[in-house]
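To start, the structure under review is shown below, and the notes come after it.
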Amino acid sequence: MKMAVETATGTGTLPQIKGVKEVPYDELFVSGHRTCQGCESALVMRHMVKAAGPRTIVLGSTGCMYVANTTYYSTPWVVPWMHTQLGASGSAALGTAAGLKVLMRKGKLKDEKINVIAFCGDGGGADMGIGAISAALTHKEYDLLVLLYDNESYANTDIQLSSQTPWGAVTTFSPTGSERRIMHTRWKKNVPGMLAAGHPESRYIAAGCAAYAVDLMNKIRKALEVGGPTFVHTLDPCPKGWDYHPQYSQELGHLAVEAGIWPLYEVLDGVVNLTGPTRQIAEGRKKRKPVEEYLRRQGRFAHFTKEDVEHFQAEVDKMWEEWLIPGVIPFTIPQKDVTLLNIDKKKPLHATA
Amino acid sequence: MAVAVKTKETSEVQTEQLMTGCEAIAEAIRLADVDVMAAFPIRPYDTVMQAAAKLIANGKLDCEYIVADGEHSQFEIVKHACAVGSRVFVGSSGVGWFYAFEAIAVTAGLRLPVVAICGNRALDDPGAFGTEHNDSLAVRDLGWLLPWAETAQECLDLALMAWRVGEDARVSLPVAIGLDGGFLTHSQQLVSVPTRAATDAFLPKFDLGDRLLHPDNPITIAPQVDQDWLMEIRRQNDAAMRRAIDVITEAHADFKKLFGRGGDSPFLDEYMTDDADVVFFGQGTLALPMKVAIRRLRAEGHKVGLVRLKWFRPFPTDEVVKSLSRFKAVGVVDRDYSFGSPHYGGVLYNEVRSALYSREQRPTIVGFVAGLGGREIDQSMAREIYEKTAAAATGGLSAGDQCHWIGVRE
Amino acid sequence: MTQATATRPTSLKATDITIEVVYRGIFQKTLAQRITRGVVLAARQRGLPGTAFSRYGDSPERNGVPAKQFAVVAVNDIELEASMARYEPAIVDVTVAVDDTLVKGVESWAWYGRQPIWKPVRANGVVLVTSDKSPDEILAQTDKTDRPYTLGVIPGEASFAGLWVYKDDHTDWRVLGALSKVLPDWLPLDEVKAQVRTQTKDENAVASVQYGHDATTFRPVKAGEGTDAHEKLAFTKPGWTTMRTGVIVDARKPGERNPQFKRYATRTQRPVVNFDTCIKCTMCWLDCPDECFEVTGSGHFEVVYEACVGCGICAQVCPVKDCIVMVDELKFDSNKTVFPEWEKDRNTYNAWFEKTSGRSAAPPKGEKAAVAVGGDE
Numbered sequence: 001m002k003m004a005v006e007t008a009t010g011t012g013t014l015p016q017i018k019g020v021k022e023v024p025y026d027e028l029f030v031s032g033h034r035t036c037q038g039c040e041s042a043l044v045m046r047h048m049v050k051a052a053g054p055r056t057i058v059l060g061s062t063g064c065m066y067v068a069n070t071t072y073y074s075t076p077w078v079v080p081w082m083h084t085q086l087g088a089s090g091s092a093a094l095g096t097a098a099g100l101k102v103l104m105r106k107g108k109l110k111d112e113k114i115n116v117i118a119f120c121g122d123g124g125g126a127d128m129g130i131g132a133i134s135a136a137l138t139h140k141e142y143d144l145l146v147l148l149y150d151n152e153s154y155a156n157t158d159i160q161l162s163s164q165t166p167w168g169a170v171t172t173f174s175p176t177g178s179e180r181r182i183m184h185t186r187w188k189k190n191v192p193g194m195l196a197a198g199h200p201e202s203r204y205i206a207a208g209c210a211a212y213a214v215d216l217m218n219k220i221r222k223a224l225e226v227g228g229p230t231f232v233h234t235l236d237p238c239p240k241g242w243d244y245h246p247q248y249s250q251e252l253g254h255l256a257v258e259a260g261i262w263p264l265y266e267v268l269d270g271v272v273n274l275t276g277p278t279r280q281i282a283e284g285r286k287k288r289k290p291v292e293e294y295l296r297r298q299g300r301f302a303h304f305t306k307e308d309v310e311h312f313q314a315e316v317d318k319m320w321e322e323w324l325i326p327g328v329i330p331f332t333i334p335q336k337d338v339t340l341l342n343i344d345k346k347k348p349l350h351a352t353a
Numbered sequence: 001m002a003v004a005v006k007t008k009e010t011s012e013v014q015t016e017q018l019m020t021g022c023e024a025i026a027e028a029i030r031l032a033d034v035d036v037m038a039a040f041p042i043r044p045y046d047t048v049m050q051a052a053a054k055l056i057a058n059g060k061l062d063c064e065y066i067v068a069d070g071e072h073s074q075f076e077i078v079k080h081a082c083a084v085g086s087r088v089f090v091g092s093s094g095v096g097w098f099y100a101f102e103a104i105a106v107t108a109g110l111r112l113p114v115v116a117i118c119g120n121r122a123l124d125d126p127g128a129f130g131t132e133h134n135d136s137l138a139v140r141d142l143g144w145l146l147p148w149a150e151t152a153q154e155c156l157d158l159a160l161m162a163w164r165v166g167e168d169a170r171v172s173l174p175v176a177i178g179l180d181g182g183f184l185t186h187s188q189q190l191v192s193v194p195t196r197a198a199t200d201a202f203l204p205k206f207d208l209g210d211r212l213l214h215p216d217n218p219i220t221i222a223p224q225v226d227q228d229w230l231m232e233i234r235r236q237n238d239a240a241m242r243r244a245i246d247v248i249t250e251a252h253a254d255f256k257k258l259f260g261r262g263g264d265s266p267f268l269d270e271y272m273t274d275d276a277d278v279v280f281f282g283q284g285t286l287a288l289p290m291k292v293a294i295r296r297l298r299a300e301g302h303k304v305g306l307v308r309l310k311w312f313r314p315f316p317t318d319e320v321v322k323s324l325s326r327f328k329a330v331g332v333v334d335r336d337y338s339f340g341s342p343h344y345g346g347v348l349y350n351e352v353r354s355a356l357y358s359r360e361q362r363p364t365i366v367g368f369v370a371g372l373g374g375r376e377i378d379q380s381m382a383r384e385i386y387e388k389t390a391a392a393a394t395g396g397l398s399a400g401d402q403c404h405w406i407g408v409r410e
Numbered sequence: 001m002t003q004a005t006a007t008r009p010t011s012l013k014a015t016d017i018t019i020e021v022v023y024r025g026i027f028q029k030t031l032a033q034r035i036t037r038g039v040v041l042a043a044r045q046r047g048l049p050g051t052a053f054s055r056y057g058d059s060p061e062r063n064g065v066p067a068k069q070f071a072v073v074a075v076n077d078i079e080l081e082a083s084m085a086r087y088e089p090a091i092v093d094v095t096v097a098v099d100d101t102l103v104k105g106v107e108s109w110a111w112y113g114r115q116p117i118w119k120p121v122r123a124n125g126v127v128l129v130t131s132d133k134s135p136d137e138i139l140a141q142t143d144k145t146d147r148p149y150t151l152g153v154i155p156g157e158a159s160f161a162g163l164w165v166y167k168d169d170h171t172d173w174r175v176l177g178a179l180s181k182v183l184p185d186w187l188p189l190d191e192v193k194a195q196v197r198t199q200t201k202d203e204n205a206v207a208s209v210q211y212g213h214d215a216t217t218f219r220p221v222k223a224g225e226g227t228d229a230h231e232k233l234a235f236t237k238p239g240w241t242t243m244r245t246g247v248i249v250d251a252r253k254p255g256e257r258n259p260q261f262k263r264y265a266t267r268t269q270r271p272v273v274n275f276d277t278c279i280k281c282t283m284c285w286l287d288c289p290d291e292c293f294e295v296t297g298s299g300h301f302e303v304v305y306e307a308c309v310g311c312g313i314c315a316q317v318c319p320v321k322d323c324i325v326m327v328d329e330l331k332f333d334s335n336k337t338v339f340p341e342w343e344k345d346r347n348t349y350n351a352w353f354e355k356t357s358g359r360s361a362a363p364p365k366g367e368k369a370a371v372a373v374g375g376d377e
């Protein structure tokens, strides 16, 4: 008697990369994409398929990485690629994975491991497409990865604010003006944390950044390896919308992590593992940089007053000092329940996967 | 399926069973060996998904059955499953159909032969479950093939035709079969169900050829384009829609040879029209009460008949013109409405008038809006439609008064 | 028409005038807007109607990718209609390039090709370039022309700024001044100054208009003048009968780059590499968002200049001081990779490196050896 649902598993063909020298040279996303100078999201695309390899199908939902990359009837993709709608990355991954699975089962396609990756921007993923991504992450019978590249605005359509735009940042929908200095007063949605907490059957969910290339590629590989529905969220500095010189894309990625604004972590089979500098900060081996170092480098925060910077710092501090797990679980528990819920605050915030 | 009782063996190629239109579609899904389908509940179409689920539960159908988080996801899921070579099925009704609208538009744009049903339902608000064709008709300009069924038998037959025609490389367009909510989706009729072997003889395997999204066939599907490209792409899709006329004709001939059904014309179903002065024109189940009326009117000596449209897209202009120019007057009965349209008529009414406009000899066209929200079309209504049309035939109706609401309370 | 003649100012021979501003996407979007709006508003001073618009095909704009905006002024509303509901005028009277590296050619998107800066300029029209270089230096990098035109250089470096903060260095006012010089009938200096005065209430801005008018240097360019060094890049688009079914294009082959969009026209600076001090750490290659580094047999990474957009990330992430230096694009007239030169003769290469980059080719002294961090420190 077959199980009602078989759990899909990886094939062990994507070993972890130990250092830059092991990063494969083959480019599966090649030059000639019409992205901005210094586009970090383009770098995410490049690393994503580099890590996944040639036996991969990529579905791309509307956004910069659709419009800029496949500019006007041309393509930079070596692997098979298909556009999907703004809110459809989850559905695209689901339909593609389901199609491959049944055709292989019926012998209509050669039975082999083909990676299915659907990407979306923060607009397509954190806003419009969050429902479909959530649905996809409950289908443990399919192997698929949803990658959310987050440049913190609808940068393609002219930089309008999304639910991932940082508090107070200037966008074309939240300009600064003579009457209102700050129009965007919502704090950034915690997408990977929310998805990890809400989808116990998704075996792998991670937050990364292309400024930590090997860490990111290994997260992509782990997601594809463990199989089932998985999710990776990257923070991508955007010279166009954030307003800084393109040469500083890597540096801003580093600053976002070192200031503790964008924690790097992964959740594998329900176990949280902080990675890179985030882990060092949590272990007290590295001091968090002040957020001001990060904010002052970007034109989108040029209107910030001292108070604005302090407010921003206070929110980030709260995340590190009060959250159950910084950057992941945005609540804590009363002291009286620590033993009741068997939570040992002295235990490190991560466990080795 | 539970309610379908096998009666007598009618032939080696098919058996007769009692089932609803939606259950008949589910049988077609089994016969076509559909690979992927996506479900989401909305009345009345979703009884097809209930029936298909039962087939899977009973091991009669091997397919990925995904219960989606909404209609938009439903249609995106099958669109992408189709792109990797799966034969797919999906469907919806009323406002659910509209919730999927974006996905519906791109599916045609990408030439992916998704087969869907639209269990025709009035558009909320206010909520109403009954049939009205405006949901299907809303996609009439997007490049979907749109056939309409009259009986449960035709539901099954059109579904098999849909995969055959839609997946044909000369066409490669999605198909949405119109099923009148309630009358077809929920009432059981006797249906001849083909055997799997006979179906295979009619329906070839789905093959996307060099359009298959697969690592062995590296392609990019739907790159961004601008004004330098889009007109050429639209023109390609236009050519495919034009080619569909011949492909439907071929498929209809083969189907008739195999199963002995489908009538003389693939596009029109004519009833008592040989000597008719006046005919009714419409699509879907309204043909049934109109045929009853025709027999009664003929008993009184009136020369009246019916022309039922089977395919709204592609619109069979030549056949419609050839058929309707034979009559003095045509009463077009719309189970839909187009607010503010020419002469405040229905969609079908205006399409028929435009098809006939360039003809020297053309009949008087009278428009009727009837049966909205699933309201039954009874014999008194049918008679009123006849009388107005006949009056128009003899100049008894003024040109400025060409569309009539039938059976509406003042 | 009769109405047009009736209302036409006697000084005007033509019925309308079209000005094109070629600029670097995003960085100079606001600047281009200020110039094209300035033209229309100045002409309005004497009652002439006009329109300003950006080329829709450029949007969404990308940092550095060449883009265009236009200003059209006509003798009356009827004559203006020919320039309404357009993406791009076929012929312009004046082209303004607000970054001098744009004279190496304009490639704005795939299939567009690399177009000479003077391509839409009518015979005997004008090409204005903001630059701190001489007209001859500019012309040396401009494609050989098939028609005569006048080249004018407006003194001043290219003004780059982000989207949210406009860097007001008066480039817009200087350009308007230069335009009043070449189009005195349409944009008389006093009217342009009057307009700028009303708009800014700033005499420095008005002075900049005067400066642009007086300090711009001109050089007549005859047919046949200019360079042949730049690649010809032009395409013919297929029609609906030959395009693939289902909105499909072939994927790129492994090792291939997008032939329909090469990207080097986006570059204002290019990375020049000191292969002697390179420690082969791979960082430039790893962090390049445009896949333009290729590994050599010796394990060095050479820049494929056809693909490089000049973002500067490689120079920024390189752990070795002055190993990768960003250099003004106008110093080069070829996209050939230079690594073979280094392999052939290091001394000659290094001399060239020092000359072009202005930095020493010698290994940095007194610094502890740099290490590869792999972006994962």
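Protein chains in written order, with the working numbering: chain A, 1 to 353; chain B, 1 to 410; chain C, 1 to 377.
Even for Gly, the Cβ is constructed at its ideal location relative to N, Cα and C.
No experiment lies behind these values; they were computed from the predicted model shown.
Beta-carbon neighbours of residue i, restricted to chain B and to distances below 9 Å
i: G87 of chain A; result: H72, S73, E76 and E102
i: T84 of chain A; result: E76, K79, H80, V106 and A222
Residues that residue i contacts on chain A, provided the C-beta gap is smaller than 8 Å
i: N258 of chain C; result: V30, S31, G32, H33, S74, T75 and P76
Contacts that residue i makes with chain B (C-beta to C-beta distance below 7 Å)
i: D250 of chain C; result: I219
i: Y66 of chain A; result: Q224
Within 8 Å, strictly: CB atoms of residue i and residue j
i: L184 of chain B; j: T47 of chain B; result: no
i: A98 of chain A; j: L59 of chain A; result: no
i: G123 of chain A; j: L148 of chain A; result: no
i: G125 of chain C; j: D93 of chain C; result: yes
i: I261 of chain A; j: V291 of chain A; result: yes
i: A155 of chain A; j: A88 of chain A; result: no
Within chain C, the residues that residue i reaches when beta carbons sit closer than 8 Å
i: N364 of chain A; result: Absent from the structure is residue 364 of chain A, since the part of chain A shown begins at 1 and ends at 353.
i: D243 of chain A; result: G162, L163, W164 and V165
Closer than 7 Å at the beta carbon, the chain C residues around residue i
i: D226 of chain B; result: G57
i: E232 of chain B; result: G239, W240 and M243
Where residue i falls: helix, strand or coil (DSSP)
i: A6 of chain C; result: Caution is warranted here: a pLDDT of 38 is assigned to A6 of chain C, below 50, making its placement in the model unreliable, and the coordinate value is therefore given only provisionally. In this structure, A6 of chain C counts as helix in the three-state DSSP scheme.
i: M3 of chain A; result: Because the pLDDT at M3 of chain A is just 32, under 50, the model does not fix this residue reliably, and the point stays unresolved.
i: Y344 of chain B; result: helix
i: G224 of chain C; result: coil
CB-CB length for residue i against residue j, believed under 8 Å
i: V121 of chain C; j: Y149 of chain C; result: 5 Å
i: T62 of chain A; j: L28 of chain A; result: Not confirmed; about 21 Å, so no contact.
i: M65 of chain A; j: M45 of chain A; result: 6 Å
i: I42 of chain B; j: S92 of chain B; result: 6 Å
Listed by chain order, chain A residues near residue i by CB distance under 7 Å
i: R147 of chain C; result: By Cβ distance, chain A contributes nothing, its closest Cβ being about 28 Å from R147 of chain C, past 7 Å.
Taking any Cβ of chain C, which residues in the segment 122–155 of chain B have a Cβ under 7 Å from it, in chain order? none
Closer than 9 Å between beta carbons: that is the criterion. Which residues of the segment 168–180 of chain B meet it against chain A? none
Could you list the residues in the segment 111–126 of chain C with a C-beta less than 8 Å from some C-beta on chain B, going in chain order? W111
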